[in-house]
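What follows is one structure encoded as structure tokens, with my remarks underneath.
Residue numbers (the working numbering), protein chains in the order written: chain U, 42 to 153; chain F, 8 to 129.
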């Protein structure tokens with residue numbers, strides 16, 4: 042199975058300041074069809090997860106442009122350009138390039 | 008607006024069975040690839056299984072921890088996804104979420120539904 046490792050596991054941030062989360066996969070996520078099925082999800086307290094970013098850097102419908110994704114191969118980053126109060130929650134990376142689909146441990150973003 | 012609502016959770020003894028449902032609306036269910044996920048209390052996310060659309064063969068995939076015990080099915084006429092869970096163990100205790108993939112582009116999951124809690128006790 043592909044292991045997804047996120048850092049940090051906790052990220053206290055100041056409102057209006059940037060934040061970034063890293064995710065490393067134990068194998069390349071480049072699929073044989075040429076796509077990399079790597080996503081970032083946000084889970085606010087008491088809510089189901091919500092898709093933010095897919096295929097490394099594509100923002101899903103309705104996602105604010107302060108969220109951006111980057112990376113390739115086995116190293117990926119989620120950046121929030123200016124953190125807002127509604128961004129508090131746990132962020133997960135996820136790979137769908139190989140079965141079984143796997144997730145990172147989650148990174149808790151909280152306001153300082 | 009896409010809406011996915013899971014139901015059917017509850018308390019069950021080890022070795023017992025439970026069937027979860029996920030009612031979908033606001034999407035073309037027949038062409039959606041549907042999945043189940045779970046989240047143990049205070050823990051991270053785990054994929055439980057996938058069922059492809061009928062036009063893609065309706066085939067299923069499962070991870071090792073549930074393979075042979077859990078079965079995903081779908082009723083395209085009612086836009087309902089099911090998860091039949093047999094031989095339940097304490098470690099199956101979790102909130103179960105259903106998910107939908109409406110587009111090859113944003114595979115594997117576009118939308119997540121509200122979950123339903125399954126508690127397995129010894």
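Backbone N, C-alpha and C define an ideal beta-carbon position, used for all residues, glycine too.
Here residue 84 of chain U is buried, its C-beta having at least 16 other C-beta atoms within 10 Å.
About 5 Å separates the CB atoms of residue 60 of chain U and residue 121 of chain U; that is less than 8 Å, so the two are in contact. For the region 121-147 of chain U, the set of positions with a beta-carbon nearer than 8 Å to some beta-carbon of chain F reads 133, 135, 137, 140, 141, 142, 143, 144, 145, 146, 147 in chain order. At least one CB atom of chain F sits nearer than 9 Å to the CB of residue 91 of chain U. Residues of chain F whose Cβ lies closer than 7 Å to the Cβ of residue 79 of chain U do not exist; the shortest such Cβ separation is about 10 Å.
When only Cα atoms are considered, residue 65 of chain U and residue 47 of chain U end up about 6 Å apart.
Take residue 111 of chain U, set aside five residues on each side of it, and the residues of its chain with a beta-carbon closer than 8 Å to its own are 97, 98, 117, 118, 120, in chain order.
For residue 119 of chain U, the nearest beta carbon of chain F is not closer than 9 Å to its own beta carbon. Within the DSSP secondary-structure output, residue 118 of chain U pairs in a beta bridge with U:63, U:111. Nearest neighbour of residue 84 of chain F by Cα position, chosen from F:31, F:9, F:13, F:15, turns out to be F:31. Interface flag for residue 101 of chain U against chain F is set, since a Cβ pair is found closer than 9 Å. No Cβ-Cβ contact shorter than 9 Å links residue 70 of chain U with residue 132 of chain U. Note that the region 111-120 of chain F does not touch the region 75-82 of chain F; fewer than 3 beta-carbon pairs, one per stretch, sit closer than 8 Å. Here residue 53 of chain F is buried: its Cβ has 16 or more other Cβ atoms, across all protein chains shown, within 10 Å. In this structure, residue 150 of chain U sits near residue 52 of chain U, with a CB-CB distance shorter than 9 Å.
Assignment of beta-bridge partners to residue 91 of chain U by DSSP yields U:83. Relative to residue 90 of chain U, the option among F:24, F:43, F:58 whose CA is nearest is F:43.
Within chain U, the residues 141, 142, 143, 144 have their CB atoms less than 8 Å from the CB of residue 54 of chain F, given in chain order. Between the region 59-67 of chain F and the region 11-25 of chain F, the count of C-beta pairs closer than 8 Å stays below three; the two stretches do not touch.
The Cβ of residue 120 of chain F sits closer than 9 Å to at least one Cβ of chain U.
Secondary structure of residue 38 of chain F (DSSP, three-state): helix. Within the same chain, Cβ atoms closer than 7 Å to the Cβ of residue 146 of chain U are found at 47, 50, the five residues on either side in sequence being excluded. Sequence-distant Cβ neighbours of residue 129 of chain F in its own chain, meaning closer than 7 Å and more than five residues away, are 21, 97. Of the residues assessed, residue 39 of chain F falls on the buried side of the cut-off, its CB having 16 or more other CB atoms within 10 angstroms.
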